[in-house]
Amino acid sequence: MRISGKISLSILLLFSLSACLLTRDENVRLRARREPLADLTRKTLLVLPSVVHSPDFQLNRDLTQYLNTLLNENEYGTAVITPAGVTEAAARETATLFLDGKTPDVELLHNALADFILSVQMDLLYEYYSTYSGDDGLNPAYSVERGGAPGLYETPTEWKNRSFDDLSFQLKARFVLYDIHSKKRVIDKTETYELILEDYRMKNVSSEGERAFLTMIQQASSDFLSWCRERDVELERIYLK
Amino acid sequence: MKEIFTLLIVFSFITGCVSTPGIKEYNEYAFDLVKGELYNEALFYLLKADSLAPDYRIKNNIALCYEALGDRTKAQEYYQEALKLREIKPLKDNYADFRKDQP
């Protein structure tokens, strides 16, 4: 009787364990279709001067002009124009008002031809070590040289210490697109980008930083244009079982 | 005999806690469909399961499908219904990610 009791208990334990395993939640990647947020096809886009916050980093490039060049190369046949007949300070002030959630008097921009107004805010930041140093996980931003992987004989501690020789460049880009005809903000999105420069002491931080920020601005501009067409996005969610 | 009877009661209690019969099968089948990106088909079985009994897992999974299909209003509705039934971390995480996501 005692033996059968033990067997029953083992079976019960086995069933409970298998039940737990069967009810395990699963991470799933969903492919979601996204409608275009604005129709830029053969429209005119008035781009206001970018509001750039770069407390610690000086770039020798006009980012507004760089962004305009990138936006001009679009697949929608959109003409990109800049404000005419107003001072740059006034145009920048208008851009700031848009970014603050206000709708300024857009007639002041002499925008008779424009269909949309775009205001962009770019925050350029950098840290003396990468986010990698925070935990043991791989950082996808580590793709510049070593692809985020440790060296062949590198211990986790050495790998972690290595991150203190790195610089993390970050771009936080906010795009606000205003539709002049419907008098509505059709896009207000913020995206963050990161690039890591490894062994920064051996490199020219100024030129490498500029290169990193320009690459990230290129990505941001490409993302902005992608929001204006039908697209698929990947979402990570937990399926409950 | 007494032990076997107790064992049977405990076993049926455990299986009963795991899921209501029918709901689990629908949910499992829908999971394979979700993995295959067949969200409309998965939704069909999940809504069937939902009609059997209110279950936070089913409601969460329905919300996922609506999210993938781009119906954010329905997704929000089902996430909130699921959270009313039970506030567990994976569910709260899903809802937080849903709200954070900018279409």
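These protein sequence lines map, in sequence, to chains A and B. So the first sequence is numbered by the working numbering: it starts at -8 and just counts up by one. So the second sequence is numbered by the working numbering: it starts at 153 and just counts up by one. Here a beta-carbon is modelled for each residue, glycine too, at the ideal position from N, C-alpha and C. On a predicted model such as this, the values are computed, not experimentally measured, just so you know.
How would you call residue i, buried or exposed, if buried means at least 16 neighbouring beta carbons within 10 angstroms?
i              : result
residue 40(A)  : buried
residue 201(B) : buried
residue 173(A) : exposed
residue 185(A) : buried
residue 155(A) : exposed
residue 74(A)  : buried
residue 220(B) : buried
residue 209(B) : buried
residue 80(A)  : exposed
residue 213(B) : buried
residue 55(A)  : buried
residue 200(A) : buried
residue 235(A) : For chain A, the structure presents residues -8 to 232; residue 235(A) sits outside this window and is missing.
residue -2(A)  : exposed
residue 238(B) : exposed
residue 106(A) : buried
residue 195(A) : exposed
residue 159(A) : buried
residue 94(A)  : exposed
residue 33(A)  : exposed
residue 179(B) : buried
residue 280(B) : Here chain B has residues from 153 to 255 only, and residue 280(B) is not among them.
residue 83(A)  : buried
residue 134(A) : Summary for residue 134(A): the model assigns pLDDT 43, below 50, so the residue's position carries little reliability, and this model does not support an answer.
residue 69(A)  : buried
residue 225(A) : exposed
With 7 Å set as the bound, which would you pick, yes or no: does the beta-carbon of residue i sit closer than that to a beta-carbon of chain B?
i              : result
residue 168(A) : no
residue 31(A)  : no
residue 171(A) : no
residue 178(A) : no
residue 16(A)  : yes
residue 90(A)  : no
residue 27(A)  : no
residue 134(A) : With a pLDDT of 43 at residue 134(A), under the threshold of 50, the modelled position of that residue is not reliable, and no figure is offered here.
With distances taken between CB atoms, is the gap from residue i to residue j smaller than 7 Å?
i              : j              : result
residue 116(A) : residue 49(A)  : no
residue 230(B) : residue 248(B) : no
residue 90(A)  : residue 35(A)  : no
residue 229(A) : residue 206(B) : no
residue 211(B) : residue 218(B) : no
residue 180(A) : residue 254(B) : yes
residue 22(A)  : residue 223(A) : yes
residue 31(A)  : residue 212(A) : no
residue 19(A)  : residue 110(A) : no
residue 108(A) : residue 169(A) : yes
residue 222(B) : residue 24(A)  : yes
residue 42(A)  : residue 87(A)  : yes
residue 181(B) : residue 191(B) : no
residue 112(A) : residue 192(A) : no
residue 157(A) : residue 189(A) : yes
residue 232(A) : residue 16(A)  : yes
residue 65(A)  : residue 38(A)  : no
residue 185(B) : residue 194(B) : yes
So which residues on chain A does residue i lean against when the C-beta distance must stay under 8 Å?
i              : result
residue 206(B) : The contacting residues do not exist; residue 206(B) stays about 14 Å from chain A at best.
residue 216(B) : 19, 21, 228, 230
By DSSP, does residue i sit in helix, in strand, or in coil?
i              : result
residue 230(A) : strand
residue -2(A)  : helix
residue 98(A)  : helix
residue 135(A) : Per-residue confidence for residue 135(A) stands at a pLDDT of 43, beneath the threshold of 50, marking its modelled position as unreliable; no derived number is given.
residue 210(B) : helix
residue 178(B) : helix
residue 245(B) : helix
residue 226(B) : helix
residue 214(A) : helix
residue 193(B) : helix
residue 86(A)  : helix
residue 191(A) : helix
residue 196(A) : helix
residue 216(B) : helix
residue 183(B) : helix
Quick one: is residue i near chain A, going by C-beta distance under 7 Å?
i              : result
residue 174(B) : no
residue 209(B) : yes
residue 232(B) : no
residue 254(B) : yes
Name the chain A residues whose beta carbon is nearer than 9 Å to that of residue i?
i              : result
residue 220(B) : 21, 22, 23, 24, 226, 228
residue 245(B) : 228, 229
Can you pull the chain B residues whose beta carbon is under 7 Å from the beta carbon of residue i, in chain order?
i              : result
residue 116(A) : Neighbours of residue 116(A) on chain B: none; closest Cβ ~21 Å, over 7 Å.
Whose Cβ in chain A lies nearer than 7 Å to the Cβ of residue i?
i              : result
residue 237(B) : Near residue 237(B) there are no residues of chain A at all, since even the closest Cβ is about 11 Å away, more than 7 Å.
- the stretch 186 to 199 of chain B: which residues have C-beta closer than 9 Å to a C-beta of chain D, in chain order? In summary, chain D is missing from the structure at hand, where the protein chains are A and B.
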